[in-house]
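Participant: Input: one structure, supplied below.
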Amino acid sequence: MRTAEEILQEEKDYRSKVNPLAFFENLVQQGKWSNDSAKTIGLFGGNRAGKTQAGAAYILERCLENPKQRWWAAAESFSDSVNIQQRKIWELIPKLNIKYGSYNEITGFTNRKLLLKNGSIIIFKSYDQDRESFQGEDLDGIWFDEEPPYPIYRESRMRLIDRNGKMIFTMTSLKGVTDLIQDIFEDYETIESAYAPLVNEELPKIVDKDGNRFYMLWTTENPYLDQGRVLQEAKLMTRDEIKSRIYGMPINLSGKIYMKFNKNIHVIPFEDIPFNKVTLYHVLDPHDRKPWAMIWVAVHITGAAYVVDEYPERNFNEMISDDKTYNDYTKIIREKEEGLRQIFNKPVHKRIIDPNFGNKTVQLAERQGGQSKTTPKKELSKRGLRFTDGIDALEAGHLKVREALHWEEKDGEIVIQPKFLITDNCQNTIRHLSRYSRGDILTSDGDVKDKVKPKEKYKDFSDLARYGVMSDWRYVDTRIQFIPETPKIY
357 MRTAEEILQE
367 EKDYRSKVNP
377 LAFFENLVQQ
387 GKWSNDSAKT
397 IGLFGGNRAG
407 KTQAGAAYIL
417 ERCLENPKQR
427 WWAAAESFSD
437 SVNIQQRKIW
447 ELIPKLNIKY
457 GSYNEITGFT
467 NRKLLLKNGS
477 IIIFKSYDQD
487 RESFQGEDLD
497 GIWFDEEPPY
507 PIYRESRMRL
517 IDRNGKMIFT
527 MTSLKGVTDL
537 IQDIFEDYET
547 IESAYAPLVN
557 EELPKIVDKD
567 GNRFYMLWTT
577 ENPYLDQGRV
587 LQEAKLMTRD
597 EIKSRIYGMP
607 INLSGKIYMK
617 FNKNIHVIPF
627 EDIPFNKVTL
637 YHVLDPHDRK
647 PWAMIWVAVH
657 ITGAAYVVDE
667 YPERNFNEMI
677 SDDKTYNDYT
687 KIIREKEEGL
697 RQIFNKPVHK
707 RIIDPNFGNK
717 TVQLAERQGG
727 QSKTTPKKEL
737 SKRGLRFTDG
747 IDALEAGHLK
757 VREALHWEEK
767 DGEIVIQPKF
777 LITDNCQNTI
787 RHLSRYSRGD
797 ILTSDGDVKD
807 KVKPKEKYKD
817 FSDLARYGVM
827 SDWRYVDTRI
837 QFIPETPKIY
């Protein structure tokens, strides 16, 4: 006689065959990715991390939940489509929901189509078809399993306009910085990061670029793999291969300077900062061809520094030039600081300037006091704004900023709090710190460079943070203390 456990197991086995999708369980990172509402989302996984199965579950859930959906599922070749994409979909599809789509392991679905009883359809395509085969339809979604050629990607985006459709990627990027990676991923902002033991550094887990969201699915997190075997394989890989094949990072895009920066941790609402027992600092990076970059920082008695305001207030990287005079900038600074005075009830305690351009000799349009040349620092001093030179030690400064940004989490609780935070109104500072990175470590010939400098694109506000932290800013009690005179005792 069968036991109750045996009967239950038999029923579970039967149901899992009829509706295997109902028994599919996302890993944590897969679940976050699957529930993201962004119009373009990517699951960048290491080898055998489970990214394709997650993609198959994603597309089936959308097509089953919403009638008359139209989706493309595209792979590198038709062979890959059959052996990988179509096989995963067949394994997960509830068979009773199929209206048209007989399947076999050799040729896949008949006519490369899967039609469901609710009218939703999945059409299988491959990159070895020409670009024209990716034209002409309006779609609710496109699933790219592995990186598509850039022309196919661009053409496919047009197919999503009419239905406000969604594009998803599941891929291991091994091609370096391609046109596609530059378009959808390069200059990303880090949302979450974590320590990667195999390379002994912080790597991103979730990133954002212009509203598009990408999740790193680490091979080391797949509980169904023999992790001992994974470690053995990693010993045969280069550092870049480990980052790509194990941790899902596109090669040559892992050089973030402040990898620990996390928008969920370091960015806070303005109203959440302390308004008492703070000292205000002003940090300036002047230029002669582009706008001046400035931040104002409130340093609390606890030692935590909060970037509370910045200039300009629009996207710094979209401003090609700036025609403001020293008087114009002085007025901007005064107006900013009058607002801060009303909030914090105190003036700026110290001003710090980029020591390079701040002391650069510049030409005056008219001779003044017998002089035709001056420096930005001198001109600002004439207008009552006295600056101290920042310390321009690049690597030491990067280390100090990393120390200020450092935080640690244990059991869902932050046990080490960061000492450097940014209010949510300072978008340039947030953008630059999250995207600040080094250039390509490889030469055009494939050699490794001895020194790799930071890229200029997101350097300005990162430099402001560096100058400020290196100035050893701290809370200063500016109240005048009354010390009573002690009578002499003879």
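Counting from 357, one number per residue, gives the positions in the sequence shown under our numbering.
Cβ atoms here follow ideal geometry from the backbone N, Cα and C, with glycine treated the same way.
This one's a predicted model, so the numbers in the text were calculated from it and none came from an experiment.
(1) Provide the residue span of the beta strand (DSSP E) that contains Glu765, from first to last.
(2) Taking the beta carbon of Leu750 as the centre, do at least 16 other beta carbons fall within 10 Å, making it buried, or is it exposed?
(3) Can you list the beta strand (DSSP E) stretches of 3 or more residues lying completely in the stretch 612-642, in chain order?
(4) Measure the C-alpha to C-alpha separation of Ala661 and Lys775 and round it to an integer number of angstroms.
(5) Assign Gly695 to buried or exposed, taking buried as 16 or more other Cβ atoms, counted over all protein chains shown, within 10 Å of its Cβ.
(6) By a C-beta neighbour count over all protein chains shown, 10 Å radius and 16 as the cutoff for buried, is Leu761 buried or exposed?
(7) Please classify Pro504 as buried or exposed, where buried requires at least 16 neighbouring CB atoms within 10 angstroms.
(8) Asp539 by DSSP, collapsed to three states: which one?
(9) Pull up the distance between the alpha-carbon of Pro711 and that of Ser827, whole angstroms please.
(10) Counting beta carbon pairs with one atom in the stretch 570-581 and one in the stretch 384-391, are three or more of them shorter than 8 Å?
(11) Could you give the residue range of the alpha helix (DSSP H) that holds Arg758?
(12) Specify the secondary structure class of Trp652 as computed by DSSP and reduced to three states.
(13) When you compare each of Glu461, Leu777, Glu432 to Ile445 by their alpha carbons, which one comes out closest?
(14) How would you call Ile772, buried or exposed, if buried means at least 16 neighbouring beta carbons within 10 angstroms?
(15) Should Asp819 be labelled buried (16 or more other beta-carbon atoms within 10 Å of its own) or exposed?
(16) Are the beta-carbon atoms belonging to Tyr831 and Val655 less than 7 Å from one another?
(17) For Gly497, does the three-state DSSP call read helix, strand or coil?
(18) Secondary structure at Trp427, three-state DSSP: helix, strand or coil?
(19) Would Gly398 pass as a contact of Phe626 if the rule is Cβ separation under 7 Å?
(20) Using C-beta distances below 7 Å, list every residue in its chain close to Leu554, excluding the 5 sequence neighbours before and after it, in chain order.
(21) Can Val653 and Gly824 be called in contact, C-beta distance under 7 Å?
(22) On the DSSP letters alone, give me the boundaries of the alpha helix (DSSP H) that Arg645 sits inside.
(23) Can at least three beta-carbon pairs, one atom from the stretch 427-437 and one from the stretch 412-419, be found at a separation below 8 Å?
(24) Would you call Asn568 buried or exposed, if buried means 16 or more other Cβ atoms sit within 10 Å of its Cβ?
(25) Could you check the C-alpha separation between Phe541 and Lys646 for me, to the nearest Å?
(26) Does DSSP classify Val832 as helix, strand or coil?
(27) Looking only at C-alpha atoms, which of Pro450, Phe490, Ile562 sits nearest to Asn375?
(28) Alpha carbon to alpha carbon, what distance is there between Gly740 and Glu557?
(29) Note down the Cα distance separating Asp641 from Ser476, rounded to an integer number of angstroms.
(30) At the level of alpha carbons, what is the spacing between Phe617 and Arg468?
(31) Considering only C-alpha positions, which residue in the set Ser512, Leu470, Tyr459, Asp496 is nearest to Gln485?
(32) Give me the Cα-Cα distance between Lys766 and Phe713, rounded to the nearest whole angstrom.
(33) Would you kindly work out how many angstroms separate the C-alpha atoms of Leu798 and Asp596, rounded to a whole number?
(34) Using DSSP with H/G/I as helix, E/B as strand and the rest coil, what is Pro507?
(35) With DSSP as the reference, label Lys692 as helix, strand or coil.
(36) Which one of Tyr637, Lys522, Ile454 has the shortest CA to CA distance from Ile708?
Facilitator: On the basis of the data shown:
(1) 764-766
(2) exposed
(3) 634-641
(4) 6 Å
(5) exposed
(6) buried
(7) buried
(8) helix
(9) Each residue's alpha carbon lies about 12 Å from the other.
(10) yes
(11) 750-761
(12) strand
(13) Glu461
(14) exposed
(15) Around the beta-carbon of Asp819, 16 or more other beta-carbon atoms lie within 10 Å, marking it buried.
(16) yes
(17) strand
(18) strand
(19) no
(20) Ala590, Ile598, Ile602, listed in sequence order.
(21) yes
(22) Unbroken run through Arg645: none, as it is neither H nor E.
(23) yes
(24) buried
(25) 26 Å
(26) coil
(27) Pro450
(28) 45 Å
(29) Distance between the alpha carbons of Asp641 and Ser476 is about 56 Å.
(30) 44 Å
(31) Ser512
(32) 43 Å
(33) Note that Leu798 scores a pLDDT of 48, beneath 50, so its modelled location is shaky and nothing firm can be said.
(34) Looking at Pro507 - three-state DSSP - the assignment turns out to be helix.
(35) Residue state, collapsed to three classes: helix.
(36) Looking at the Cα atoms, Tyr637 is the closest of the given residues.
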